[in-house]
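Numbering (my numbering), first residue to last: 4 to 151.
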């Protein structure tokens with residue numbers, strides 16, 4: 004029998020693949036649900052919720068469905084304890100790099116806003132970034148001394 008596979012005109016067939024786009028919420032505005040838990044919508048029927056269960060704080064990423072005018076949590080989702088959520092956060096740069104290598108671009112969030120850090124916090128951040136404020140001054144004065 005003859006093979007029923009279709010051959011692609013471009014060879015690889017990857018040139019014409021279309022990825023499914025979902026509507027993503029751009030505003031990171033926290034809301035409160037009927038249980039008093041804070042949540043953020045990441046798409047129309049998906050949320051990230053911070054909740055408490057048996058004394059443990061959980062980060063829930065879950066799909067919701069609508070029933071009788073109420074949005075209720077569905078089966079699809081995951082509840083991460085804070086330590087597992089921290090592990091996820093720590094590997095996000097690696098995940099972002101793999102996505103970048105595969106041609107996907109992920110916008111980077113801005114974590115701090117104006118006025119969030121004190122002067123001490125800024126100095127600690129500069130030290131972590133290897134940008135000591137006093138070193139900049141030394142470099143500027145050492146250039147002046149070398150000219151003489």
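Ideal Cβ positions, reconstructed from N, Cα and C, are used throughout, including at glycine.
query = Taking C-beta to C-beta, are residue 45 and residue 63 nearer than 8 Å?
reply = no
ask   = What first and last residue would you give for the alpha helix (DSSP H) that runs through residue 96?
value = 85–104
query = Within 10 angstroms of its Cβ, does residue 114 collect 16 or more other Cβ (buried), or is it exposed?
reply = exposed
task = Give me the Cβ distance between residue 68 and residue 75, rounded to the nearest whole Å; I'm assuming they're in contact under 8 Å.
result = 6 Å
message = Along the chain, where does the beta strand (DSSP E) containing residue 65 start, and where does it finish?
response = 59–70
inquiry  = Less than 8 Å between the C-beta atoms of residue 57 and residue 79, yes or no?
reply    = no
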